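Numbering follows our numbering, with no gaps: position 216 of the sequence shown is 216.
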Amino acid sequence: MNADLHCHSTISDGWLDPEAVVRRAVANGVEMLALTDHDELGGLDAAARVAAELGLRFVNGVEISVSFAGETIHIVGLGVDHHHPVLVQGLRQVRSGRDERAHRISAALEKVGIRDAFEGARRFARNPDLVSRAHFARHMVASGLMPDVRTVFDHYLVRGKPGFVEHEWASLEDAVGWIRDAGGIAVVAHPARYRLSGADLELLFDRFVAAGGEAVEVVSGAHTEDEMRKFANVARRRGLLASRASDFHGEEESPVDLGRCNPLPSDLTPVWSRLL
Ligand code: AMP
Ligand code: MN
Ligand code: MN
Ligand code: MN
Numbered sequence: 001m002n003a004d005l006h007c008h009s010t011i012s013d014g015w016l017d018p019e020a021v022v023r024r025a026v027a028n029g030v031e032m033l034a035l036t037d038h039d040e041l042g043g044l045d046a047a048a049r050v051a052a053e054l055g056l057r058f059v060n061g062v063e064i065s066v067s068f069a070g071e072t073i074h075i076v077g078l079g080v081d082h083h084h085p086v087l088v089q090g091l092r093q094v095r096s097g098r099d100e101r102a103h104r105i106s107a108a109l110e111k112v113g114i115r116d117a118f119e120g121a122r123r124f125a126r127n128p129d130l131v132s133r134a135h136f137a138r139h140m141v142a143s144g145l146m147p148d149v150r151t152v153f154d155h156y157l158v159r160g161k162p163g164f165v166e167h168e169w170a171s172l173e174d175a176v177g178w179i180r181d182a183g184g185i186a187v188v189a190h191p192a193r194y195r196l197s198g199a200d201l202e203l204l205f206d207r208f209v210a211a212g213g214e215a216v217e218v219v220s221g222a223h224t225e226d227e228m229r230k231f232a233n234v235a236r237r238r239g240l241l242a243s244r245a246s247d248f249h250g251e252e253e254s255p256v257d258l259g260r261c262n263p264l265p266s267d268l269t270p271v272w273s274r275l276l
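As structure tokens, then:
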């Protein structure tokens, strides 16, 4: 099964609208797709409609921003009821801090001579409720300050750099709880991308499992093959379901296109066995 269970549209920080994401997935041979916009469910109806027209299995998804041990981590929810009031209200609360955060990022950038970054980022955000660091990065590339998005992050937007601001997202337990209340499966997204190792990483999985989390992205567009092997072992050791995910945002920004990830190691139980 060519399953791709994590990607983004213009409802968060993807470049393609939800319909175009689905069309591209079909063109790439994807057989099961989950759209997982950051802290947003607003693209799911449009994506599901086109997927039904084109005969693609579509899974309602979301990627929730979580604060854990001083890091931001991402928890994907798959197969959620996107009208469930607990999930809808929880995500509304998570999004509510983004506008104020974007203004703080802009003020921080102003201090190093980058002016009007909020307005610039806002122009790249099709959803005014969801201004992300990716939109700041795109604005700074477009205005010729930096050659590409990756370089903007490295120089300005990650912890320790001048445009980084602290922000409190959802708790791990809340995010997993909202997903479960909405009938979904909680997945640790791209676990190799966090600045967590050793005991902190074990604690993340301990608390995730205790809260009712069930799966981990073993294959991710954001993982190397070594990282894939490491988290395949985590899935085996903890009996977690395994997910496969491009985390596609757009052609120019994403290393892996929709449906083009490596296959899962064959001894793991794919999370999509629960989504068929
Ligand atoms: P935010 O939720 O506003 O903190 O933005 C996070 C988003 O920024 C991620 O979902 C990625 O799309 C993007 N991102 C984060 N770190 C990087 C990076 N090092 N290089 C490129 N994009 C990144
Ligand atoms: Mn993103
Ligand atoms: Mn993510
Ligand atoms: Mn993502």
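We treat Cβ as the ideally placed atom computed from N, Cα and C, and that holds for glycine. Since we're looking at a predicted model, the values are computed, not measured.
Proximity test, residue i beta-carbon vs ligand 2 heavy atom, cut-off 6 Å
i: Asp148; result: no
Which listed residue (the options) has its alpha carbon closest to that of residue i
i: His6; options: Leu145, Gly163 and Val76; result: Val76
i: Asp278; options: Arg126, Trp169 and Val112; result: The structure shown does not extend to residue 278, since the chain is modelled only from 1 through 276, so no value can be given for it.
i: Gly55; options: Ala117, Glu166 and Val30; result: Val30
i: His74; options: Glu251, Glu168 and Thr269; result: Glu168
i: Ala142; options: Glu217, Ala199, Ala117 and Val158; result: Ala117
i: Gly113; options: Val94, Cys261 and Pro162; result: Pro162
i: Leu172; options: Asp4, Ala210 and Leu145; result: Ala210
i: Arg36; options: Ala25, Gly259, Gly183 and Val59; result: One point to set straight first is that residue 36 is Thr, not Arg, in the sequence displayed. Nearest C-alpha to Thr36: Val59.
i: Arg57; options: Lys111, Gly120, Asp247 and Asn2; result: Asn2
i: Glu71; options: Pro255, Pro191 and Asp267; result: Pro191
i: Val234; options: Ala51, Ile11 and Val187; result: Val187
i: Ala102; options: Gly90, Glu166 and Val80; result: Glu166
i: His223; options: Cys261, Gly212 and Gly198; result: Cys261
i: Leu121; options: Lys111, Arg104 and Met140; result: The sequence given here has Ala at residue 121, not Leu. Checking every option, the nearest Cα to that of Ala121 belongs to Met140.
i: Phe124; options: Asp247, Ile11, Ser266 and Pro263; result: Ile11
Cβ separation of residue i and residue j, assumed to be a contact under 8 Å, to the nearest whole Å
i: Val86; j: Ala175; result: At roughly 11 Å, the Cβ-Cβ gap does not stay under 8 Å, so Val86 and Ala175 are not in contact.
i: Leu196; j: Glu214; result: That pair is no contact at about 20 Å.
i: Leu130; j: Glu40; result: 6 Å
i: Trp15; j: Gly250; result: 3 Å
i: Val219; j: Ala245; result: 7 Å
i: Ser9; j: Val26; result: At roughly 15 Å, the Cβ-Cβ gap does not stay under 8 Å, so Ser9 and Val26 are not in contact.
i: Ile64; j: Ala170; result: 6 Å
i: Leu258; j: Asp4; result: 5 Å
i: Pro183; j: Asp45; result: At residue 183 the sequence reads Gly, which differs from the Pro that was named. Their Cβ separation, rounded to whole angstroms, is 17 Å, which puts Gly183 and Asp45 out of contact at 8 Å.
i: Ala189; j: Leu157; result: So it is not a contact: roughly 19 Å between Cβ atoms.
Heavy atom of ligand 1 within 6 Å of residue i beta-carbon
i: Phe153; result: yes
Cβ-heavy atom distance, residue i to ligand 4, below 6 Å
i: Asp257; result: no
i: Asp81; result: no
i: Asp247; result: yes
Ligand 3 site residues, beta-carbon cut 6 Å against heavy atoms: Glu63, His74, Ala189 and His190
Those residues, in chain order, that have a beta-carbon closer than 7 Å to some heavy atom of ligand 2: His8, Ser12, Asp13, His38, Ser132, Ala134 and His249
Segment contact, 8 Å Cβ cut-off, at least three pairs: the region 82-99 with the region 176-196: yes
Cβ pair count under 8 Å reaching 3, the region 241-250 against the region 263-275: yes
Inter-stretch contact at 8 Å, needing at least 3 Cβ pairs: the region 201-211 / the region 220-230: no
Three-pair Cβ contact test at 8 Å for the region 33-52 versus the region 151-160: no
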